[in-house]
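Numbering (the numbering used here), first residue to last: 1295 to 1859.
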């Protein structure tokens, strides 16, 4: 009776209500699963740290730079991207191209203004003669048909009575980098008995050294009027004389009235170049936000991944790898050694104070109203909290922007790139062949070795590169004879063919030795990789290892989808 009474009071369990009960139970279970799913998703979203898009293709880098993603960092040994890699490369940015018609029109005007001189067929060539200028420009445009010309400098006397040197600013017609290039060559000129001029020969890249230097604000020989609004002066000019001397404070008064920021210590030293730049740009960005001069250490440590000794190497100069002239002119920086010397002289006398910050979580926004002359951020010994880039994470990321436009690649290194491309007349295709350790690791890259063998390369390239073309091979394969079978179809070229551009007789060697207190500078692994990459990127057709030569994934087996996300 008790059981029946209890059952009868629980009316929900009557036979006619069982369907409703089942539906209610199912609904409650589904709702509970939904709540649990939301909680799990929230936790994952809060703790997820995305890959650093600096190691993705350029389109994804651009997305990253304009996004509000968490500013985490993943180390890599790839060649670092700098400000010019993010600039627009449409022709309107570079201004107007000089063509043969422009040359003819300019010469007509020059002849109208020039006095008619009596011709002496046996006399020295007058490099200031408009007809000489006209002949040299025409010969240059006819010879170098794969580049666009933007400015011609007026010819100057060469090494003999029959030579003139002339400089010009140009870009490859199919150039992808946002930069101008400058070349200057020596012309041998002949004057016939009837006084007509002809060009006997045009020298190799950078042979016309007398035409290299051009004073600022000096009018060029021929330059078309630029479209209003184009800031062509903000672009790198590879081939100009580099002036990366250290900036000097003008006076005690200007030093004592200045405001400074310095980062001290931390775990960023001897990391990859990507890591170094990511942290350095954070410091530079904070200095700009605070309207302060960044006190920087020009001495950097090169990671073992780039050195021939396989050891980290101290004492490398920032100017070996980056364009310090542009940085000091476009930004506000001082060398650390010079700053501390001035600080010792004038700090006490002028009552200059410093404020020390030892927690990276103290945001730049909290320092904006600081009146102290110097803000010093000190970083401890515990990684990763002692990485400089931590300052720019969290809420700071949307406030302090990394000033990519201030950091460009070394123009000395880029001049080597320009020299190599010029030797190939800027008319070549390129292939990037990754082998080395990855080709030997069959567990992560099971097909790479076979897919990059000479026979496989010939088969793959058959439909991609025309037979007989100049083919630049950027590779980590130390034995370039490995690629000899490709010579039957292509004229192959490798970085080491151009050692004269950095050997003891080169301009690069001379200038870097002077920067390094007369101690010769090693042409290290990072420099090699940087130049190899840039020459590869200058090819008219570019074939990459992953996705084009092999089905293996760049980061190892089963990572292709992850890499493209």
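Every residue, glycine too, gets a C-beta built ideally from N, C-alpha and C.
Nearest neighbour of residue i, chosen from the options [CA to CA]
i            : options                   : result
residue 1659 : 1748, 1582 and 1835       : 1582
residue 1781 : 1801, 1806, 1770 and 1755 : 1755
residue 1826 : 1485, 1802, 1777 and 1769 : 1769
residue 1830 : 1725, 1764 and 1753       : 1725
residue 1844 : 1740, 1473, 1760 and 1575 : 1740
residue 1746 : 1729, 1807, 1433 and 1552 : 1729
residue 1597 : 1820, 1433 and 1454       : 1820
residue 1528 : 1810, 1468, 1378 and 1854 : 1378
residue 1459 : 1852, 1471, 1420 and 1473 : 1420
residue 1558 : 1448, 1469, 1468 and 1577 : 1577
residue 1786 : 1722, 1816, 1828 and 1834 : 1722
residue 1392 : 1562, 1467 and 1452       : 1467
residue 1470 : 1453, 1448, 1441 and 1449 : 1441
residue 1551 : 1531, 1571, 1656 and 1641 : 1641
residue 1572 : 1698, 1536, 1453 and 1674 : 1698
residue 1389 : 1473, 1720, 1767 and 1636 : 1473
Buried or exposed (CB count within 10 angstroms, at least 16 for buried), residue i
i            : result
residue 1639 : exposed
residue 1483 : buried
residue 1686 : buried
residue 1772 : exposed
residue 1602 : exposed
residue 1753 : exposed
residue 1696 : buried
residue 1465 : buried
residue 1489 : exposed
residue 1733 : buried
residue 1828 : buried
Span separating the alpha-carbon of residue i from that of residue j
i            : j            : result
residue 1343 : residue 1375 : Only weak support is given to the placement of residue 1343: the predicted model assigns it a pLDDT of 37, under 50, and the value that follows is read from those uncertain coordinates. Looking at the two C-alpha atoms, the distance is approximately 21 Å.
residue 1289 : residue 1848 : The question about residue 1289 has no answer here: the residues shown for the chain are numbered 1295 through 1859.
residue 1586 : residue 1662 : 10 Å
residue 1381 : residue 1818 : 27 Å
residue 1710 : residue 1534 : 13 Å
residue 1496 : residue 1436 : 12 Å
residue 1760 : residue 1718 : 16 Å
residue 1506 : residue 1461 : 6 Å
residue 1840 : residue 1634 : 49 Å
residue 1501 : residue 1475 : 15 Å
residue 1592 : residue 1628 : 9 Å
residue 1446 : residue 1504 : 14 Å
residue 1353 : residue 1737 : The pLDDT assigned to residue 1353 is 36, lower than 50, so where the model puts this residue is not dependable; a value taken from the coordinates is nonetheless given after this. Residue 1353 and residue 1737: Cα-Cα distance of roughly 31 Å.
residue 1589 : residue 1632 : 9 Å
residue 1692 : residue 1575 : 15 Å
residue 1716 : residue 1478 : 12 Å
residue 1480 : residue 1799 : 19 Å
residue 1498 : residue 1794 : 13 Å
residue 1394 : residue 1433 : 10 Å
residue 1340 : residue 1690 : With a pLDDT of 41 at residue 1340, under the threshold of 50, the modelled position of this residue cannot be trusted; read the value that follows with caution. So the alpha carbons of these two residues sit roughly 17 Å apart.
residue 1647 : residue 1797 : 48 Å
residue 1611 : residue 1594 : 6 Å
residue 1443 : residue 1397 : 11 Å
residue 1776 : residue 1748 : 7 Å
residue 1456 : residue 1618 : 39 Å
residue 1560 : residue 1682 : 7 Å
residue 1584 : residue 1625 : 13 Å
residue 1812 : residue 1804 : 9 Å
residue 1850 : residue 1837 : 19 Å
N- and C-terminal bounds of the alpha helix (DSSP H) containing residue i
i            : result
residue 1732 : 1730-1734
residue 1766 : Unbroken run through residue 1766 is the beta strand (DSSP E), 1764-1769; no alpha helix (DSSP H).
residue 1549 : 1546-1550
residue 1646 : That residue, residue 1646, is in no alpha helix (DSSP H); it is neither H nor E in DSSP.
residue 1802 : 1801-1809
residue 1570 : 1567-1583
residue 1821 : 1819-1831
residue 1633 : 1630-1640
residue 1430 : 1424-1437
residue 1712 : 1705-1717
residue 1618 : 1618-1624
residue 1754 : 1748-1755
Proximity test, Cβ basis, 7 Å: residue i and chain B
i            : result
residue 1691 : Of the chains in the structure shown, none is chain B; there is only one protein chain.
Bounding residues of the beta strand (DSSP E) (the contiguous stretch that carries residue i)
i            : result
residue 1670 : 1668-1673
residue 1844 : Neither: residue 1844 is in no beta strand (DSSP E) and is coded neither H nor E.
residue 1466 : 1457-1466
residue 1611 : 1607-1611
residue 1785 : 1785-1787
residue 1593 : 1593-1596
Counting pairs of beta carbons, one from the stretch 1701-1716 and one from the stretch 1678-1685, are three or more of them closer than 8 Å? no
Just checking, does the stretch 1665-1676 make contact with the stretch 1645-1653 on the three C-beta pairs under 8 Å criterion? yes
Any chance the stretch 1547-1554 sits against the stretch 1562-1572, with 3 or more Cβ pairs inside 8 Å? no
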